[in-house]
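The structure under discussion appears below in the form of structure tokens.
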Amino acid sequence: MSEVKNKLWGGAFSKSMNETAWRFGQSIYSDLNLLQEEIDVSIAHTRMLGKCGLLSNEEAITLITALEKISPAILEQPELISQSEDLHGAIETMLFESVGELAGKLHAGRSRNDQIATASKLWLKRKYFSIAQEIRRFQKVLIELAEKHLHDPMPGYTHQQPAQPVTLGFHLLTYFWMLERDWKRIEASLKIVDDCPLGAAALAGTSLPIERNQTSLELGFSRPMPNASDAVSDRDFVSDALHIFATIMQHLSRISQEIVVFSTNEFGYLKLDDAFSTGSSIMPQKRNPDFAELIRGRSARVIGHWTAQMSMMKALPLGYNRDFQEDKPPLFDSASTVQDSLVLVSGMLSTATFNTERMKENASKGDSTVTAIAEALVLQGIPFRKAHERVGLWVQNDHSGDPELDKLLETVGTLEACIENRNSIGATGKTSLANQLNLAKQIITKEIS
Ligand code: ARG
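Residue numbers for the sequence shown follow our numbering, beginning at 1 and rising by one.
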């Protein structure tokens with residue numbers, strides 16, 4: 001067991017740790033995701049200690065210069081950190097090697113408990129920004145596609161049965177609004193993750209004259225967390241993030257399911273580009289939508305990460321608990337899965353070929369235009385229930401025995417009229433759709449404030 005392994009708390013210990021216990025507790029490789037944030041947190045803390053007179057100016061500058069070199073050094077030589085339990089320890093060890101005893105001054109007025117919470121929050125804030133941007137990119141693709149196919153008819157389904165004709169543009173805009181809610185959830189969450197735990201120390205604050213407002217400001221938070229115990233006990237921000245990521249994956253999974261179904265021979269609505277398809281090792285004719293299936297499958301893991309987090313947290317007492325360490329691998333995994341999946345679904349749809357002829361052919365099948373006929377009767381003053389029954393009977397009799405309805409089928413009941421005449425807010429008609437598209441275009445220009 002190397003000496004490094006006990007560096008952070010060597011004083012009261014005379015034996016090294018059991019090997020399995022050591023391996024079980026080590027989080028260094030997962031922690032590497034937080035490398036930049038850890039360094040940023042330490043630099044902000046150092047600068048603050050300097051301002052507060054707990055470090056001389058010169059000491060602060062020496063420490064900051066050394067801290068700035070650590071991240072490139074680790075990236076270049078990852079084996080440097082293989083003997084460390086976690087990233088906090090690794091950085092401190094490297095700092096000792098670089099500046100000697102001065103390194104020991106850095107840990108005044110903080111503990112690993114507030115450090116890890118701060119680095120995690122900082123990481124999440126940054127990740128939220130990049131995922132929100134990825135959502136915007138995907139929404140832009142959806143708007144472009146919707147505009148291109150704004151008036152191309154396709155069947156609208158309920159219970160997976162033909163219900164009422166819609167347009168492909170209208171259908172694609174449905175995805176836009178799903179994603180818009182995800183974007184808003186991120187925006188809302190960013191406001192909640194916006195207070196800084198640093199300086200809470202172990203759980204009770206510190207007797208040293210530190211200035212938490214300064215570190216909070218420097219790290220881009222709005223304020224320090226008001227209660228030091230809450231600051232180290234809180235992992236709501238991880239639960240919130242995992243819920244948001246699970247919801248995004250659930251959305252992408254539903255879109256993927258449509259991609260899978262719509263690209264079957266039976267539907268034949270779309271063909272995926274070669275770049276997003278796979279073949280079979282035995283059947284030369286095969287063209288499989290593997291990436292849509294993988295997103296559908298992997299969404300299960302991300303949903304699982306959220307439930308794991310909720311279960312992990314539910315009975316934990318206040319204060320730091322080592323259980324918290326379990327929040328990070330799922331957080332990193334969920335975020336990168338979400339990011340890749342957004343890129344993939346966006347790529348699959350933007351390069352797919354849509355068979356608009358086939359969609360149109362199916363759009364009016366299954367008597368899916370007859371609600372429009374019942375509505376035309378309502379305009380004549382007939383109660384909707386009565387109209388519904390009359391049209392239903394006529395459908396059941398294979399369109400016979402009611403000449404007035406035969407006529408209406410030729411006017412309001414055609415595929416075109418049926419789509420066109422729906423102009424209530426959010427409907428498929430030209431005016432409505434134009435409004436919806438405009439709204440989507442305005443929204444897309446909004447960035448996280
Ligand atoms: N690896 C730990 C975590 O992720 C870092 C904090 C450790 N703090 C402690 N007191 N053991 O939560």
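Built from N, CA and C at the ideal position, the CB exists for glycine as well. Being a predicted model, the structure only gives us computed values, none of them experimental.
inquiry  = Which of the three DSSP states is assigned to S400 in this structure?
reply    = For the purposes of this step, residue 400 is taken as the residue at position 400 of the sequence shown. Reduced to three states, the DSSP call for S400 is coil.
Could you work out which residue in L203, L344 and G268 is closest to D290 when comparing CA atoms only?
-> On the sequence shown, position 290 is the one that residue 290 refers to. Comparing alpha carbon positions, the residue from L203, L344 and G268 closest to D290 is L344.
Handout entry: CA-to-CA distance, E389 to E447, given in whole angstroms
Key = Here residue 447 refers to the residue found at position 447 of the sequence shown. Here residue 389 refers to the residue found at position 389 of the sequence shown. Straight-line measurement puts the Cα of E389 at about 50 Å from the Cα of E447.
Next item on the list: Classify N288 as helix, strand or coil using the three-state DSSP reduction.
Entry: To locate residue 288, count along the sequence shown from 1; it is residue 288. DSSP places N288 in the strand class (E or B) of the three-state scheme.
message: Suppose you measure from the CA of G381 to the CA of I419; what does that come to, to the nearest Å?
response: Position 381 of the sequence shown, counted from the start, is the residue given in the question as residue 381. Position 419 of the sequence shown, counted from the start, is the residue given in the question as residue 419. Their backbone Cα atoms lie some 22 Å apart in a straight line.
Rounded straight-line distance, which links the Cα of I70 to that of S449: Here residue 449 refers to the residue found at position 449 when the sequence shown is read from its first residue. Here residue 70 refers to the residue found at position 70 when the sequence shown is read from its first residue. If you draw a straight line from the Cα of S449 to the Cα of I70, it is about 32 Å long.
With H, G and I counted as helix, E and B as strand and the rest as coil, what does DSSP make of R235?
Working through the sequence shown from its first residue, we reach residue 235 at position 235. Reduced to three states, the DSSP call for R235 is coil.
> Assuming K365 contacts P155 under a Cβ cut-off of 8 Å, what Cβ separation, rounded to an integer in Å, is found between them?
Replying inline: As a first step, residue 365 must be located in the sequence shown, where it is residue number 365. As a first step, residue 155 must be located in the sequence shown, where it is residue number 155. With a Cβ gap of about 7 Å, K365 and P155 count as contacting.
Margin query: Relative to the C-alpha of W123, which candidate in R422, L219 and L80 has its C-alpha closest?
Written below: Residue mapping note: residue 123 aligns to position 123 of the sequence shown, counting from 1. Looking at the Cα atoms, L219 is the closest of the given residues.
For this session: Would you list the residues sitting across from V166 in a DSSP beta bridge?
Result: Walking along the sequence shown from the start, residue 166 turns up at place 166. Paired residue(s): M154.
- Task: For D86, verify whether its CB is less than 7 Å away from any heavy atom of ligand 1.
- Result: Locating residue 86 in the sequence shown gives position 86, counting from the first residue. Under cutoff, so the answer is yes.
Tell me which residue opens and which closes the alpha helix (DSSP H) that S336 is part of. On the sequence shown, residue 336 is found 336 positions in, with the first residue counted as 1. Its alpha helix (DSSP H) spans residues K328 to T351.
Nearest to R322 by alpha carbon, out of P78, D234 and I192?
Locating residue 322 in the sequence shown gives position 322, counting from the first residue. Nearest option by C-alpha distance: D234.
- [ ] Whole angstroms is fine: what's the gap from W454's alpha carbon to E85's?
- [x] The structure shown has nothing for residue 454, since the chain only spans 1 to 449.
field: Expected contact under 8 Å - CB spacing of G109 and G199 to nearest Å
entry: Here residue 109 refers to the residue found at position 109 when the sequence shown is read from its first residue. Here residue 199 refers to the residue found at position 199 when the sequence shown is read from its first residue. Confirmed, Cβ separation roughly 6 Å.
Which residue from A376, S82, T247 and S336 puts its Cα closest to that of L405? On the sequence shown, residue 405 is found 405 positions in, with the first residue counted as 1. When only C-alpha atoms are compared, the closest one is A376.
Can you find at least 3 beta carbon pairs, one from the stretch 174–191 and one from the stretch 199–216, that sit closer than 8 Å?
No, they do not touch.
Discussion item. Using a Cβ-based criterion (distance less than 7 Å to any ligand heavy atom), does K328 qualify as near ligand 1?
Written reply: Within the sequence shown, the letter at position 328 stands for residue 328. K328: yes, Cβ under 7 Å from ligand 1.
Between the alpha carbons of L242 and K314, how many angstroms are there, rounded? As a first step, residue 242 is located in the sequence shown; it is residue number 242 there, counting from the start. As a first step, residue 314 is located in the sequence shown; it is residue number 314 there, counting from the start. L242 and K314 have their C-alpha atoms spaced approximately 15 Å apart.
Same chain, Cβ closer than 7 Å to P329, five either side skipped, listed in chain order
Translated into positions along the sequence shown, residue 329 becomes position 329. Its chain contains S30 as the residues whose beta carbon lies nearer than 7 Å to that of P329, once the 5 sequence neighbours on both sides are disregarded; these appear in chain order.
Rounded Cβ spacing between I131 and Q285 (contact assumed at less than 8 Å): Taking the first residue of the sequence shown as position 1, residue 131 is located at position 131. Taking the first residue of the sequence shown as position 1, residue 285 is located at position 285. Taking a contact as a CB-CB distance under 8 Å, the pair I131 and Q285 does not count as one, their CB atoms being some 38 Å apart.
| query | If you drop the 5 nearest sequence neighbours on each side, which residues of the same chain put their C-beta closer than 6 Å to that of G169? | reply | Taking the sequence shown and counting its residues from 1, the one referred to as residue 169 is at position 169. If we look at G169 and ignore the five residues flanking it on each side, its Cβ neighbours are A146, H149 and L150.
query = Where does C418 sit, in a helix, a strand or coil, going by DSSP?
reply = Walking along the sequence shown from the start, residue 418 turns up at place 418. Of the three classes helix, strand and coil, the one that applies to C418 here is helix, per DSSP.
In the structure shown, what three-state DSSP assignment does D274 receive? Within the sequence shown, residue 274 is the residue found at index 274, counting from 1. In the displayed model, D274 falls within a helix according to three-state DSSP.
*Does the distance from the C-beta atom of L63 to that of L102 stay below 8 Å?*
Counting from 1 along the sequence shown, the entry for residue 63 is found at position 63. Counting from 1 along the sequence shown, the entry for residue 102 is found at position 102. Judged by beta-carbon spacing, L102 lies within the 8 Å limit of L63, meaning their Cβ atoms are closer than that value.
Taking 7 Å as the cut-off, does the CB of F291 come closer than this to any heavy atom belonging to ligand 1? For the purposes of this step, residue 291 is taken as the residue at position 291 of the sequence shown. No; taking the cut-off as 7 Å, the Cβ of F291 has no heavy atom of ligand 1 nearer than that.
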